[in-house]
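Enquirer: Sharing a structure, written as structure tokens. Questions coming.
2 protein chains.
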Amino acid sequence: MSHHSKFVLTDKQIPSVWLNVLPLLREPMDMPVHPATLKPLTPGDLAPIFPMSLIEQEFSPQKEIDIPGEVLDIYRLWRPTPLYRARRLEQALDTSAHIYYKYEGTSPAGSHKPNTAVAQAYYNKKAGIRRLTPETGAGQWGSALSLSCQLFGMDCTVYMVRCSYDQKPYRRMMMNTWGAEVFASPSEHTHCGRAIRERFPDSPGSLGIAISEAVEDAATHSDTNYSLGSVLNHVMLHQTVIGQECLAQMELAGEKPDVVIGCFGGGSNFGGLALPFIPAKFNGDPVRLVAVEPSACPTLTKGLYAYDYGDTAKLTPLMPMFTLGHDFVPPGIHAGGLRYHGASPLASHLLKHGWLEARAYPQLPCFEAALQFARTEGILPAPESSHAIRGAIDEALAAKAEGRSRVILFGLSGHGHFDLASYDAYLSGKLKDYEYPSEAIAESLASLPKVG
Amino acid sequence: MSHHSKFVLTDKQIPSVWLNVLPLLREPMDMPVHPATLKPLTPGDLAPIFPMSLIEQEFSPQKEIDIPGEVLDIYRLWRPTPLYRARRLEQALDTSAHIYYKYEGTSPAGSHKPNTAVAQAYYNKKAGIRRLTPETGAGQWGSALSLSCQLFGMDCTVYMVRCSYDQKPYRRMMMNTWGAEVFASPSEHTHCGRAIRERFPDSPGSLGIAISEAVEDAATHSDTNYSLGSVLNHVMLHQTVIGQECLAQMELAGEKPDVVIGCFGGGSNFGGLALPFIPAKFNGDPVRLVAVEPSACPTLTKGLYAYDYGDTAKLTPLMPMFTLGHDFVPPGIHAGGLRYHGASPLASHLLKHGWLEARAYPQLPCFEAALQFARTEGILPAPESSHAIRGAIDEALAAKAEGRSRVILFGLSGHGHFDLASYDAYLSGKLKDYEYPSEAIAESLASLPKVG
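Line by line, the protein sequences are chains G and H.
Sequential numbering of the first sequence, starting at 57, is according to the numbering used here.
Sequential numbering of the second sequence, starting at 57, is according to the numbering used here.
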């Protein structure tokens, strides 16, 4: 065990491959199906909105996929990211547990999202695409893709969930600064946006709606592709640089984690951190992989494993996943990046078969954890990341109660510089907890399509 | 010359000493004098607001001062900071110059300020002080000291220039999150604050006023000390970790800078970067050290070298420095951290004797440079730092015009995550330039006290 508190890798130790667990899976994974024919999705079905290189990655049988040099050149701006041992937090908790965290907030956009945004921009550029259309909730994905498009000389049109657009003007300005155009969603810019505004003029928007708009924009312009920041296999794949670096850094620290914890929205942050631990786990390693989601949007803990659309307008393929139903609009919690009705099919598959654990927390205890972290470790966490901190603190407290040691690794997916209004609300006692809206979930789940 | 773009040091390479150039100076430096007696200031005169350990550093004859272990333990949270070669910016400029930048925005507070905040909190804590009172303009210093006080279990009361307080609510919230109390200055909390509010009810405040309030608060409470984020020798001293790391990193890069450029408000960022190059310069190294200030507050380029107060209420010692006069209230430019009427006496001394150069820019060309930087290198710069970027780009363009190569190193002192409203104003064409207000300067300079 090292006495250091920070574990830094050199540029040479940036992973040169992405890790693909698809060919390693112990149980066969259900396949996505076409929304009209209900037949298994073919690569060609995705061609209107994705370049073939990314579609191939979506279904790839290769265990490792080379990271292109031009992508690595950009990764080097902030990667490898640091891994810390949270000694001050441990001391404050008076726990014998060892708490490590991997910090992805050092990227220019402030989160892990550029790991896949850079790759997606690169492959689209290679395929001759001129413009990308992402959706964005909290603004992290839109920021990451605005930056990436700028670096590859492409245009970027962002559909930003309206309540975030209003609450987080700085995120919108950041995207503008990197040259992107940003619309509040539902917008007047697409057919499905206009349809929703007609029915619900005051709609605060949702990720499901924003995805519908972004997909429609891409599908109706031949020089334009859609770009998704989570959920899909190729997104999970690109994020595995996080966990690969952690493996090397935990070795530097001279320890092996007993539990790995990440916050979970669509699954890309959690997957990027946890998937590289899967090969060892398949070979008997007892490491626990814990996904933490908000109680207000409890996809993994209260949703069904079923076929569902990724968006509200039913434009996407039907994916086998844990879902709250594509009509589910979660309450306006401050962790905007965790407000998604579905979950990565890969993560859903692993959860269903017992390789992962899931846990849900209300937002108040998460902000309490974030504040304790900020006041001991210094870094101001994103509200999304605060869910992982809560999970890690509870693991440490449990270890203490049991009189045991425990090595805990959690993902600090981003900083909270654009979320200070949320901290202000918490500090002034204005923040509320939301019970998970069980009736809304039941109603939304009732609308699930019947497949097979 | 290395082909890398990022030069990372290990934890072992964090400097273990601060570099003190006072004993190396080639010309004798003028001494500060007591504001009432006009006699040379004694260490005892500073005792009501500073701990003796910092006062000793202010006048120290030692060339190197050990960094205490507890301070190093906190530096390790973000130090060593990265040095980059700006290859994408060079390409966009089509220049043969090599541009390097040292990025201090990776600290939790987002700038170089914690380098001295941590040290000052540490020495005050050791001296039995319970609370610190900083002033803050842009919010960088207040954030850094809020964080540092929290880490050492001290209270922190921040006097924040009112126009910044109103323009940058996120900075205030950040300080609250780290446990500090924040007052908009001029406030009702001090005698001099109330006096100014009586005369000027709509005063937007200034650093000079905020310093008066912070000093009064400290001087009237025995368990409380004042803490200054720039100007003084001990502040410049603590910041030398920046330039020391640069020396090691430029060696890794296999190059020697021809010119070192930093933005200049009170002088701590510039000094931290440039002072470690002074010993070589005293020994004949032709490296140029260039301070860049805003045209709207042209202390170094349009001010006088004279004795002046550090604050508006004339509570501080009289310091020999370049100054625009203690009554000077600069226009509300977006680089709030560069709106100070005076300049570090040490930097002033070096400038007067020709060891430094100074240059002033209006804010529009600085924002233009910041945007070009953000769109090539990814990182979103603070408006203060944008002055150094403008200086570096102009040096690169000059080299190109002369058909020469040139190695340029500049300091990127912080990120602009809390300054996006300024970028928004720039992008929407609402940002104006200010001519330096020559009449206001003449009037303010006329009020300088007569010394000696």
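Each residue gets a CB set at the ideal place from its N, CA and C atoms; glycine is no exception.
None of the values given here were measured: they were computed from a predicted structure.
Does the distance from the C-beta atom of G:T296 to that of G:R187 stay below 8 Å?
Expert: Within the first sequence, numbered from 1, the residue matching residue 296 of chain G stands at position 240. Within the first sequence, numbered from 1, the residue matching residue 187 of chain G stands at position 131. Contact: no.
Enquirer: When the cut-off is 8 Å and only beta carbons count, does H:A425 lie next to chain G?
Expert: Here residue 425 of chain H refers to the residue found at position 369 when the second sequence is read from its first residue. No - not a single Cβ of chain G is within 8 Å of the one on H:A425.
Enquirer: By a C-beta neighbour count over all protein chains shown, 10 Å radius and 16 as the cutoff for buried, is H:E191 buried or exposed?
Expert: Numbered from its first residue, the second sequence carries residue 191 of chain H at position 135. Buried: at least 16 other Cβ atoms inside 10 Å.
Enquirer: Please tell me whether H:G388 has its Cβ less than 8 Å away from any Cβ of chain G.
Expert: Here residue 388 of chain H corresponds to residue number 332 of the second sequence, with the count starting at 1. Not an interface residue.
Enquirer: Spatial neighbours of H:T570 within its chain, please: C-beta separation below 6 Å, excluding the five flanking residues on both sides.
Expert: Coverage of chain H is limited to positions 57 through 508, which leaves residue 570 of chain H absent and any answer about it impossible.
Enquirer: Alpha carbon to alpha carbon, how far is G:E120 from G:P313?
Expert: Within the first sequence, numbered from 1, the residue matching residue 120 of chain G stands at position 64. Within the first sequence, numbered from 1, the residue matching residue 313 of chain G stands at position 257. Roughly 23 Å between the two C-alpha positions.
Enquirer: What does the alpha-carbon distance come out to for the pair G:S58 and G:A153?
Expert: The sequence position of residue 58 of chain G within the first sequence is 2, counting from 1. The sequence position of residue 153 of chain G within the first sequence is 97, counting from 1. So the alpha carbons of these two residues sit roughly 15 Å apart.
Enquirer: Looking only at its own chain, which residues have a Cβ that is under 7 Å from the Cβ of G:S478, when we skip the five neighbours before and after it?
Expert: Taking the first residue of the first sequence as position 1, residue 478 of chain G is located at position 422. H390, P439, listed in sequence order.
Enquirer: Tell me which same chain residues have a C-beta within less than 6 Å of the C-beta of G:A416, skipping the five on either side of it?
Expert: Residue mapping note: residue 416 of chain G aligns to position 360 of the first sequence, counting from 1. The answer, listed in chain order, is E349, S351, P354, T357.
Enquirer: Report, in whole angstroms, the separation of the C-beta atoms of H:C42 and H:S441, which I expect to be a contact under 8 Å.
Expert: Since the first residue shown for chain H is 57 and the last is 508, residue 42 of chain H is missing from the structure and cannot be characterised.
Enquirer: Grouping DSSP H, G and I as helix and E and B as strand, with all else coil, what is G:R227?
Expert: As a position in the first sequence, residue 227 of chain G is number 171, starting the count at 1. Of the three classes helix, strand and coil, the one that applies to G:R227 here is helix, per DSSP.
Enquirer: Could you check which residue in H:Q206, H:R255, H:G261 has the C-alpha nearest to that of H:E237?
Expert: Position 181 of the second sequence holds residue 237 of chain H. When only C-alpha atoms are compared, the closest one is H:Q206.
Enquirer: So, do the segment 228-242 of chain H and the segment 455-470 of chain G have three or more beta carbon pairs nearer to each other than 8 Å?
Expert: With the cut-off at 8 Å, the segment 228-242 of chain H and the segment 455-470 of chain G do not touch.
Enquirer: Does DSSP classify H:H59 as helix, strand or coil?
Expert: By 1-based counting over the second sequence, the position of residue 59 of chain H is 3. Three-state DSSP puts H:H59 in coil, outside helix and strand.
Enquirer: Would you say G:R430 lies against chain H (beta-carbon separation less than 8 Å)?
Expert: Translated into the one-based positions of the first sequence, residue 430 of chain G becomes position 374. Residue identity differs from the one stated: residue 430 of chain G is Ala in this sequence, not Arg. By this cut-off, G:A430 is an interface position.
Enquirer: Is the separation between the beta-carbon of H:W411 and that of H:K488 shorter than 8 Å?
Expert: Counted from its first residue, the second sequence places residue 411 of chain H at position 355. Counted from its first residue, the second sequence places residue 488 of chain H at position 432. No, the Cβ-Cβ distance between H:W411 and H:K488 is not below 8 Å.
Enquirer: Are the CB atoms of G:L420 and G:S321 within a distance shorter than 8 Å?
Expert: Working through the first sequence from its first residue, we reach residue 321 of chain G at position 265. Working through the first sequence from its first residue, we reach residue 420 of chain G at position 364. A small correction: the amino acid at residue 321 of chain G is Gly; Ser does not occupy that position in the sequence shown. In this structure, G:L420 does not lie closer than 8 Å to G:G321 by Cβ.
Enquirer: By the three-class DSSP mapping on this structure, what secondary structure does H:L371 have?
Expert: Against the second sequence, residue 371 of chain H aligns to sequence position 315. In this structure, H:L371 counts as coil in the three-state DSSP scheme.
Enquirer: Report yes or no: is there a C-beta of chain H within less than 8 Å of the C-beta of G:T233?
Expert: Taking the first sequence and counting its residues from 1, the one referred to as residue 233 of chain G is at position 177. Cβ-Cβ to chain H under 8 Å: yes for G:T233.
Enquirer: Within the continuous beta strand (DSSP E) that includes H:V174, where are the two ends?
Expert: Numbered from 1 along the second sequence, position 118 holds the residue referred to as residue 174 of chain H. No beta strand (DSSP E) holds H:V174; the alpha helix (DSSP H) holding it covers 170-182.
Enquirer: What residues in its chain sit with their C-beta under 6 Å from that of H:M377, if we drop five residues either side in the sequence?
Expert: Reading the second sequence from its first residue, position 321 is the one you call residue 377 of chain H. So the qualifying residues of the chain are G398, A399, P401, S404.
Enquirer: When you compare each of G:G193, G:K224, G:A194, G:N180 to G:A209 by their alpha carbons, which one comes out closest?
Expert: Position 153 of the first sequence, counted from the first residue, corresponds to residue 209 of chain G. Correcting the residue type first, residue 209 of chain G is Gly in the shown sequence and not Ala. The shortest Cα separation from G:G209 among G:G193, G:K224, G:A194, G:N180 belongs to G:N180.
Enquirer: In the structure shown, what three-state DSSP assignment does G:M377 receive?
Expert: Walking along the first sequence from the start, residue 377 of chain G turns up at place 321. Residue state, collapsed to three classes: strand.
Enquirer: Distance, Cα to Cα, G:D101 vs G:E112?
Expert: To locate residue 101 of chain G, count along the first sequence from 1; it is residue 45. To locate residue 112 of chain G, count along the first sequence from 1; it is residue 56. Each residue's Cα considered, the two are about 12 Å apart.
Enquirer: Can you name the residues that DSSP bridges to H:D122?
Expert: Within the second sequence, numbered from 1, the residue matching residue 122 of chain H stands at position 66. Answer by DSSP bridge pairing, in chain order: H:V73.
Enquirer: So, at 8 Å on beta carbons, what are the nonlocal neighbours of H:I70 in its own chain, with the 5 sequence-adjacent residues on each side left out?
Expert: For the purposes of this step, residue 70 of chain H is identified with residue 14 of the second sequence, where counting begins at 1. Once the five neighbours on either side are set aside, the close Cβ partners of H:I70 are L128, Y131, R132, R135, P136, V297, E301.
Enquirer: For chain H, find out if any of its Cβ atoms is closer than 8 Å to the Cβ of G:P439; answer yes or no.
Expert: The residue labelled residue 439 of chain G in the question sits at position 383 within the first sequence. False, the Cβ-Cβ gap to chain H never drops below 8 Å.
Enquirer: Comparing alpha-carbon positions, which option in H:N76, H:A498, H:D122, H:A240 lies nearest H:D383?
Expert: Counted from its first residue, the second sequence places residue 383 of chain H at position 327. Measuring from the Cα of H:D383, the nearest candidate turns out to be H:A498.
Enquirer: Take the Cβ of H:G166 as the centre, count every other Cβ of all protein chains shown within 10 Å, and call the residue buried at 16 or more, exposed below.
Expert: Your numbering for residue 166 of chain H matches position 110 in the second sequence. By the 10 Å Cβ count, H:G166 comes out buried.
Enquirer: Could you give the C-beta distance for H:G195 and H:M216, rounded to a whole number, given that I count them as a contact under 8 Å?
Expert: Counting from one through the second sequence, the residue named residue 195 of chain H turns up at place 139. Counting from one through the second sequence, the residue named residue 216 of chain H turns up at place 160. So it is a contact: roughly 7 Å between Cβ atoms.
Enquirer: Can you find a CB in chain G that lies within less than 8 Å of the CB of H:I298?
Expert: Taking the first residue of the second sequence as position 1, residue 298 of chain H is located at position 242. Output row for H:I298: interface = no.
Enquirer: Which partner residues of H:E191 appear in the DSSP bridge assignment?
Expert: For the purposes of this step, residue 191 of chain H is identified with residue 135 of the second sequence, where counting begins at 1. DSSP, once it has assigned bridges, lists H:Y215 as partnering H:E191.
Enquirer: Step through the CB atoms of chain G and report whether any lies within less than 8 Å of the CB of H:P164.
Expert: Counting from one through the second sequence, the residue named residue 164 of chain H turns up at place 108. Output row for H:P164: interface = yes.
Enquirer: Can you tell me whether G:S278 is buried or exposed, with buried defined as 16 or more other CB within 10 angstroms of its CB?
Expert: As a first step, residue 278 of chain G is located in the first sequence; it is residue number 222 there, counting from the start. Exposed, by the Cβ-count rule.
Enquirer: In angstroms, rounded to a whole number, what distance separates the CA positions of H:E491 and H:V385?
Expert: Walking along the second sequence from the start, residue 491 of chain H turns up at place 435. Walking along the second sequence from the start, residue 385 of chain H turns up at place 329. Taking the straight line joining both Cα atoms gives about 14 Å.
Enquirer: At a Cβ cut of 7 Å, what residues of the segment 478-499 of chain G count as close to chain H, listed as they run along the chain?
Expert: Cβ contacts with chain H come from Y479, D480, L483.
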